[in-house]
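>
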Amino acid sequence: MALVVVTGWDENARLLRYVPVNGGGGGDESVVEVPVGDAGEVSAECGRIPLPRVGELIVEDGGCLLDLSGPPARRCTAKRDGVAVRLTERGASDRGVTFPPSSLGLPGDEATLERVRQIGDFLLFDPSGPVPGCWVRPGGLSGWLAEETRRRDQKAAEAALRRERKAAKAAKARMRSTDRFVNPYTFVPFPGRVVRREPAGHEWLAPGRLSGRLVVRWELTGPAQAPDGSADGAVLRFPGSSVKGVVRSVHETLAGGCLRIVDEAFVPSYRDTASALSDDWTLAVVSTEFDGQPLTVRPATQVVWVRSGQLVAACGAGLRTGSRVDLDPPTSKTSLGRYELAEQARVSTGGDWVVLLTDAGARPPRRRDGSPALYFAACGHIPDSAAEAEVDEAAWRRFRQAVEGAREAVQNRTPDAPPEWVPVTFGGQTIGRRKSVTGRFEPGDVLWVRRDQTGRVVELRLSAIWRHLGTGPLGERVPPHLLPCTDPASLCPSCRLFGSADTRARDEDGRADQRAYAGHVRFGDAVSTGPVALTAIRRAPMSAPRAGAGQFYLSYADRRPAREGRLPTREWGADPDASQLRPVRGRKFYWHSAPGTHPPRHEAQAHHSPKMVEDRLLAPPGTTLTQTVTFDNLDPAELGGLLAALQPDRVLRAGGDAGGAGLSRLHLGGGKPLGLGSCTATVVQAQVWDAASRYGDGPQPAYAPEVLVGAFVAACPGEVTATWPALAAVLAAGTVNGARVSYPPGADWTDRQQDLEQFDKPYTFFTVTSGMFLKKGEERPLLPLPDPTEADQTLPINYKGHEKHRPEERWT
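My numbering puts the first residue of the sequence shown at 5, with every later residue one more than the last.
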């Protein structure tokens, strides 16, 4: 029998109205026609007591049984009463009862209480019992709650869509803003795991595996840097090895491959902050060297700091690093903890004191009180009879690592070129000349050295304010599962497909085991369909990646600046790395952005260093090339992965043009940071064989790219496919506004044409966002790159004198 509340009885029509109790959830008010044989009993039962009343009802097998032995029920309306629900009998507004929401089967949240009137009537029959009554509503209370959930979800979705549209509109506006820029590169997150297994081998074409060839059509969607050896008006040819690297880099991200090329020992170097050197540092002159490495030096017995005016008066225009002067050294140190020659003291040419001139670019031209600053040069007392000291090998290695980050060392990239003598200017005046920084030494060169207690040189630097190495090498900042494959019997998806090189040294026992694995894919050259007219340009400088910019390269949640006396938090080895090294953000990718601003950012300007500028040829947009890619012994998923790497839209964009160009782009050639090389790849022809069709008379397998790609997608773990939305964003042609892509500028976009040199200075941006401690002035929290999937990829331009310091990007 079912527990119900009978709400009415029509004796003439034999119609019984009732509501199922359903544990208090109730339901719709139903009507049942009572059979003639049972009508008398039902009529008698309903006639003896007033309705509505609780009872038990059975309607089955053409019969109807009713027992109204339960309590009477009152039909009530429901409304909110603070944090409770008040039930009021219809027609008797003064007769209300208050219940906690849970007693009526309701959640007690604000939204439910606000809409409790919408549920319907409530039949109250046992106010003090565990089930005080039931709701009168089609579908009962559970149906209403489900409807409410759908309504709220829809409302939330509509609100989210409005916010998304508003954010997209704001992002577009910010993309056009003249005081914001888009960094040329971003990072696709690393996958949570890499699936390694034994490769197929090359012994035979195994059952279920395929061999064949693909004909790929490449089309440049923007200007591309032609390879070395190209000629204007000739056939354009991109080497197959170069194209293979492009496709492999995409495949590694799509399939969850290892980091094939990674310098695990790399640590960046940083410029020191201004501070006095400790007493164990002194000047020295190189005595002997081998291939640029100093082997022995003659250290100074004392270092004295001399005003540039005194040195110029003594040496004239011939003053340079290595000049010898004579002076009477002071006997006491200044408040800076160093010996400074008095302004009126004698300085003459010749003698045992050796001069070291260094770059004055980082020295402020004025003191804090506004008066002109002075240039002091270090002079070391190094007579010809000075004893020699050996330079420790580890000191040389650390110096080489530190000097790699120096601007001039990057510019002086030609290994055999002799160092240049460059002018040292300060306050608008030329002081003398110094040797350019090359990272190599010759006999007679002057440098700073630090010796240990035995007298051995354990540290080198080129200036008092030099560079220091960060800590926590790159190999410890990437997930261990992403380090390069080393076991040819256990390879990641990309190494199984493209091959794995053996880059490791010999074992400790001197053995050199073969750990390489040959790939299953071979790329022919990509060749233009005819002669291509190339444009000669002077390409703008491209330097080494600034991996030391931790605000961009590292993942972190805490953006706060450093505490007093601590390293800026952007540095590798700063306090946030104390408990656990901050990991690298992911794989580095460059946005697809047309370089055609005015002037184009890929063309060299007058202020660019001639050493960093290169003569290059550009192929125009619309240039097409054809390439043959052969493969052997691939299973369907591996072949599908190759197709997806060539045409990423097959997996990245549902409903995209899987057979055509789609929305995604790849990069061919050099100059990616400058916006060069965007292109598409399309497989225009394919031939596939299995063992039976290749070596016998079996039928040739059908080429079904959607099936092959589907097998690849099915083989990719969720940890890998979770990174695909970020990859889709970075490969898309229209994610960012190409007219706002630049390395951190030193001026607004409106000022770019008027002062290109100032615009190309990123120093202030990296200083303002470095996480450096400042006693006075605005704090300098870290400023990360936006996630690739965010609609707004812009960052604020910060430069000297700029007052609009990113209020929306503060760390608090």
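Cβ coordinates follow ideal geometry from the N, Cα and C atoms, glycine included.
No experiment lies behind these values; they were computed from the predicted model shown.
Only counting the same chain, and skipping five residues up and downstream in sequence, which positions put a Cβ closer than 7 Å to that of Glu812?
Because Glu812 sits at a pLDDT of 43, beneath the cut-off of 50, its placement in the model cannot be relied upon, and the following sentence gives the value as read from the coordinates. Hits under 7 Å: none found.
> Please report the distance separating the alpha-carbon of Ser498 from that of Val192.
17 Å
> Tell me whether the region 607 to 625 and the region 228 to 240 touch, counting them as touching only if at least three CB pairs, one residue from each stretch, are closer than 8 Å.
The region 607 to 625 vs the region 228 to 240: in contact.
> Quick one: is Ala210 buried, meaning 16 or more other Cβ sit within 10 Å of its Cβ, or exposed?
exposed
> Only counting the same chain, and skipping five residues up and downstream in sequence, which positions put a Cβ closer than 8 Å to that of His809?
Only weak support exists for where His809 lies, its pLDDT of 44 falling under 50; the coordinates are left without a value.
> So if DSSP puts Ser668 in a beta bridge, which residue, or which two residues, is it bridged to?
Ala736
> Using DSSP with H/G/I as helix, E/B as strand and the rest coil, what is Thr798?
strand
> Compare the C-alpha of Pro483 against each of Gln584, Cys319, Gly503 and name the closest.
The candidate whose alpha carbon is nearest that of Pro483 is Gln584.
> For Arg444, count neighbouring C-beta atoms within 10 Å of its own C-beta (all shown protein chains included) and say buried if the count is 16 or more, exposed if not.
buried
> Helix or strand or just coil, what does DSSP make of Asp661?
Low local confidence applies: a pLDDT of 41 at Asp661 is under 50, so the model's placement there is unreliable, with the coordinate-based value given in what follows. It is coil, neither helix nor strand.
> Decide if Thr739 is buried, meaning its Cβ has at least 16 other Cβ atoms within 10 Å, or exposed.
buried
> Could you check whether Arg302 and Ala317 sit closer than 9 Å to each other, using their CB atoms as the reference points?
no
> When the cut-off is 9 Å and only beta carbons count, does Ser339 lie next to chain B?
Among the chains of the structure shown, chain B does not appear; only one protein chain is present.
> Report the three-state DSSP secondary structure of Val87 (helix, strand or coil).
coil
> Is the CB-CB distance between Gly30 and Leu110 below 9 Å?
no
> Could you tell me the alpha carbon to alpha carbon distance between Arg767 and Arg180, rounded to whole angstroms?
In the sequence on display, residue 767 carries Tyr and not Arg. Their Cα atoms are separated by approximately 23 Å.
> When you compare only the Cα positions, how much space is there between Lys676 and Trp576?
A direct Cα-Cα distance of roughly 26 Å separates Lys676 from Trp576.
> According to DSSP, is Gly237 part of a helix, a strand, or is it coil?
coil
> Based on DSSP bridge pairs, tell me the residues matched to Asp125.
Val140
> Do Pro788 and Asp796 have their C-beta atoms within less than 9 Å of each other?
No; because the gap between Cβ atoms is not below 9 Å, this pair is not in contact.
> For Val717, which of helix, strand or coil comes out of DSSP?
Helix, per DSSP.
> Pair every Cβ in the region 292 to 301 with every Cβ in the region 320 to 329, then say whether three or more of these pairs are closer than 8 Å.
The region 292 to 301 is not in contact with the region 320 to 329.
> Taking the straight line between their C-alpha atoms, what separation do you get for Ala82 and Gly137?
12 Å
> For Cys68, write down the residues that DSSP places opposite it in a beta bridge.
Val63
> In the DSSP output, what is Phe103 paired with across the bridge?
Val89
> How many angstroms separate the CA atom of Pro705 from the CA atom of Arg217?
13 Å
> Pull up the distance between the alpha-carbon of Ser339 and that of Ala280, whole angstroms please.
Rounded to the nearest angstrom, the two C-alpha atoms are 10 Å apart.
> Pull up the distance between the alpha-carbon of Trp208 and that of Ala522, whole angstroms please.
14 Å
> Below 8 Å on the Cβ atoms is my contact criterion, and I expect Leu345 with Gln314 to pass it. Report the Cβ-Cβ distance as a whole number of Å.
7 Å
> Under the assumption that Gly828 contacts Gly679 (Cβ atoms under 8 Å), give the Cβ distance between them as a whole number of angstroms.
Residue 828 cannot be examined here, being either before or after the span of the chain that is shown, 5 to 816.
> Whose C-alpha, out of Leu214, Val308, Cys489, is nearest the C-alpha of Gly260?
Cys489
> Could you check whether Pro272 and Val308 sit closer than 9 Å to each other, using their CB atoms as the reference points?
no
> Going by DSSP, what residue range makes up the beta strand (DSSP E) through Leu214?
214 to 224
> Taking the alpha helix (DSSP H) that Trp400 belongs to, which residues open and close that run?
Looking at the DSSP string, the run of the alpha helix (DSSP H) that includes Trp400 is 397 to 407.
> In angstroms with no decimal places, state the Cα-to-Cα distance between Val441 and Ala410.
8 Å
> Return yes when the Cβ of Ala737 is within less than 9 Å of the Cβ of Leu667, no when it is not.
Ala737 sits close to Leu667, with the two beta carbons spaced by under 9 Å.
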